[in-house]
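Please read the structure below before turning to the comments.
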Amino acid sequence: MAKKAPGPTSSLETIIMDGRKVSFRYKDINRHFICTLCNGYFRDAQTIKECLHTFCNGCIRSYFWRNRDAHKCPTCSVHLGVKPWTQLISDPSIQGLISKIFPDPTQQEKKEELKFYKHLSIKRKEIIREAKAHAGVPIKRARAVRRLQFEVHPQRSPKLPLFFQLDRLKVPHMNTDATFKILYLKKFVAKLLQLPNFNQIQILCEGLPVGAEYSLDFIVRTRWKDRSKKLILEYRRQP
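For the sequence shown, position 206 (counting from the first letter as 1) is numbered 205 according to numbering that gives the first Met the number 0, and the numbering increases by one without interruption.
This is how it looks when you write it as structure tokens:
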């Protein structure tokens, strides 16, 4: 019998199964967990029901928002109707796999969150318990995290009612890791303005609200039009 020639999917044959253990190389599976809109690992993975292509929640919704006439999947161009976002479903299975296979980004985010709350002298029981549980266990960085300078100002517009306008920060200039999440910025601004609930704060870029799950790096790559200039964010009271 002739030996079967290796096909284009031969990379799958590199997976070695041994009882309960599965070994593989990252490069063999990496592309299955990359969002084609931001070229990063899926964040809050959302899958299109019609074609089963997956994207980050923030990426795909921003794509449909910015391209109002885009009624097709960005990958295969299958038509999704006049309200394409209704075809999105959360995909916790693939998100769970990412957390297990690529733990470093998640661990780094937790370290940054712990550092943020420590800086503000805010005690977080869940974070403290987790930090103690991992005491003495070094976490390796996948790569050096770059710094990013930006400014944050209250939104001012003749069309914006006074109720939604908030006071200015004494120091609007900031310098932090590019992985810094908008969620933490909302909490930081709320604390400085002495607001009881950070959910009263809405952050905007180029006049459009940005999700709390977005990182500064993601916003620069997907929302900020002129990358040669410093990132400018705005805030207002949540409508």
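Note that the Cβ used here is the ideal one computed from N, Cα and C, for glycine as well.
On a predicted model such as this, the values are computed, not experimentally measured, just so you know.
Where the beta strand (DSSP E) through Cys-204 begins and ends: Where Cys-204 is concerned, the enclosing beta strand (DSSP E) stretches over 200-204.
Enumerate in chain order the residues of its own chain whose CB-to-CB distance from His-70 is below 8 angstroms, with the five nearest sequence positions on each side excluded. Taking His-70 as the centre and dropping the five residues before and after it, the same chain places the C-beta of His-78, Leu-79, Gly-80, Val-81, Pro-83 closer than 8 angstroms to its C-beta, in chain order.
Is the beta carbon of Gly-57 closer than 7 angstroms to that of Tyr-213? Taking 7 angstroms as the Cβ cut-off, Tyr-213 and Gly-57 qualify as a contacting pair.
What number of angstroms, rounded off, separates the C-alpha of Leu-96 from the C-alpha of Ser-61? A straight-line Cα-Cα distance of about 24 angstroms links Leu-96 and Ser-61.
Can you check whether the CB of Ile-200 is closer than 7 angstroms to the CB of Val-209? No.
CA-CA distance, Cys-72 and Glu-49? Their Cα atoms are separated by approximately 9 angstroms.
Residue environment, Lys-186, which counts as buried when at least 16 other CB atoms sit within 10 Å: Classification for Lys-186: buried.
Using CA coordinates, which residue listed in Leu-232, Lys-180, Asp-166 is at the minimum distance from Leu-194? When each option's Cα is compared against that of Leu-194, the closest is Asp-166.
Assuming Arg-226 contacts Phe-163 (C-beta within less than 8 angstroms), just tell me the rounded distance between them. That pair is no contact at about 29 angstroms.
Is it buried or exposed for Leu-161, if we count other Cβ within 10 angstroms and need 16 for buried? Of the other Cβ atoms in all chains shown, fewer than 16 fall within 10 Å of the Cβ of Leu-161; this residue is therefore exposed.
Do Asp-90 and Thr-53 have their beta-carbon atoms positioned less than 7 angstroms apart in this structure? With respect to the 7 angstroms criterion, Thr-53 and Asp-90 are classified as neighbours on the basis of their beta carbons.
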